[in-house]
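The opening position of the sequence shown corresponds to residue 1 in the UniProt record's numbering, with each subsequent residue numbered one higher. Ideal placement from N, C-alpha and C gives every residue a C-beta, glycine not left out. Keep in mind it's a predicted model, so treat the numbers as computed, not measured. Here's the structure, in structure tokens; my notes come after.
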Amino acid sequence: MLVLDGLDTVSPALLEHIATTLPGLVGLTLQLSRKRMRKHGVRWPGTAEAYAVALAGCAALEHFGWNHRLVSSASPAAMLHFEEGACEDACVHDEAIDATFDEAEDLACLFAVHCPTLRSLAFHKSYLLAALCSIVHDGRGQISVDVDRAVDSVSWLSKYVSPPPRYDPGPSHAWPLLNGSLSDLNQLNYSVE
């Protein structure tokens, strides 16, 4: 597991270097921060496709988180209600219909194609999650993605793995704390559900 927070710039070459240097890396979180205040996701200098291609070398990567800004636009979902008539006092909206479209699901598919071991893609916004994409490869080349926008950043990794005994995510990231000794590295054998 590797968390790099407060990076001034991140190029796809950095991801390629991480892939070759740490071939057994299971989890990676990158936080680009041009300004020290991170109220929202940020625009990364390269294209999402370039970062997805760079992660192709991470042969064991299962979890990737980054603070890439999700671009969203209004969807016509509200039109369904208007076509049935104006909402009365007891107007109930279908929670399954998103009020906006964003690129989370498309980006999760893009990353899953280039990194077939990937099981989750998290979009961080400050120290909260904008979206968590659960990725399932069916073995026949089909990829399905489930986007959850109601999960907090402390529990997103625990959805996939059982933490080691020293697990203490603190207020931000859900990676285990290490005291720098090699014995801690042996404790990182997560049991996958």
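Excluding the five sequence neighbours on either side, which residues of its own chain have a C-beta within less than 6 Å of the C-beta of residue i, listed in chain order?
i, result
"V26", "A60 and E62"
"F5", "Note on residue identity: the sequence assigns Asp, not Phe, to residue 5. Only Q31 meet the Cβ criterion."
"R149", "A131"
"P12", "G46, A50, Y51 and A54"
Contact defined as beta carbons within less than 8 Å: I believe residue i pairs with residue j. What is the distance between those atoms, to the nearest angstrom?
i, j, result
"E103", "C133", "The pair is not a contact, with the Cβ atoms about 11 Å apart (cut-off 8 Å)."
"L2", "L22", "7 Å"
Could you pull out every residue in the same chain whose Cβ sits closer than 7 Å to the Cβ of residue i, ignoring the five residues on either side in sequence?
i, result
"L15", "Y51, A54 and L55"
"F111", "A52, L55, F64, L118 and L121"
"C109", "I143 and V145"
How would you write the range of the alpha helix (DSSP H) that residue i sits in, first residue to last?
i, result
"H63", "Taken as a continuous stretch (DSSP letters only), H63 belongs to no alpha helix (DSSP H), being part of the beta strand (DSSP E) at H63 to W66."
"V53", "A48 to A54"
"L110", "A104 to H114"
With which residues is residue i paired in a DSSP beta bridge?
i, result
"C133", "L121 and V147"
"G27", "H63"
Could you please give the first and the last residue of the uninterrupted beta strand (DSSP E) stretch that includes residue i?
i, result
"L22", "Note, L22: premise wrong, no beta strand (DSSP E); not H, not E."
"G6", "L2 to L7"
Using a Cβ-Cβ cut-off of 8 Å (strictly less than) and excluding sequence neighbours within five positions of residue i, which residues of its own chain qualify?
i, result
"H114", "A52, V53, L55 and A56"
"D138", "S144"
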